[in-house]
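Numbering (my numbering), first residue to last: 8 to 153. A virtual CB, placed ideally from N, CA and C, is assigned to each residue, including glycine. Below is one structure, written out as structure tokens; the observations come after it.
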Amino acid sequence: MKNTWYLIVSLIVILISANSSANLDFYSFPTPKLEERYQHLIKELRCLVCQNQNLEDSNADLAKDLRKKTYEMLIAGRSDSEIIDFMIARYGNFVTYRPPFSRTTFILWFAPALLMFVGVIVLWRVALHSKLARTTIDTKKNSKTE
């Protein structure tokens, strides 16, 4: 019975450690600068499968493929902008956290400022209306007391 218990615990430890090491990608880079560029790119590019995760944090199969493709393109001598342009051409602007400014993304860039402006106008109008309502009520109370 004691041997069975040790066997079960050993299997659990092996399975947990095998699972945790399965998610790591190991790439060798000729220079530390190239590895730094790789790390920067996989932090900037979004996983298309996972909700709001970058390629670095995602364990999805597509993210692994995109990390591998990024590595291959870096080793081939492509620049960061060429790699990002390739990913955008293949997967669309969603692959980047900062979409480029264009007619199609115009609303993404200006909607927050527009909403803030509208919110300030609404608050100003509500405050003005509230002040006018209090003034009217005070005037009516004063006229009734006289």
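Would you please state the rounded distance, in angstroms, between the beta carbons of residue i and residue j? I believe it to be under 8 Å.
i	j	result
residue 48	residue 87	6 Å
residue 55	residue 101	7 Å
Any idea if residue i is buried or exposed, counting beta-carbon neighbours within 10 angstroms, 16 or more meaning buried?
i	result
residue 29	Reliability fails at residue 29, whose pLDDT of 47 lies under 50, so the model's placement of it is uncertain and the value that follows must be treated cautiously. By the 10 Å Cβ count, residue 29 comes out exposed.
residue 123	exposed
residue 11	exposed
residue 45	buried
residue 65	buried
residue 38	exposed
residue 138	exposed
Is the CB-CB distance between residue i and residue j below 8 Å?
i	j	result
residue 70	residue 62	yes
residue 111	residue 52	no
residue 115	residue 106	yes
residue 77	residue 95	no
residue 42	residue 33	no
Where do the ends of the alpha helix (DSSP H) carrying residue i lie?
i	result
residue 88	87–98
residue 103	Careful: residue 103 lies outside any alpha helix (DSSP H) and carries neither H nor E.
residue 73	68–82
residue 51	39–51
Who does residue i pair with in a DSSP beta bridge?
i	result
residue 61	53
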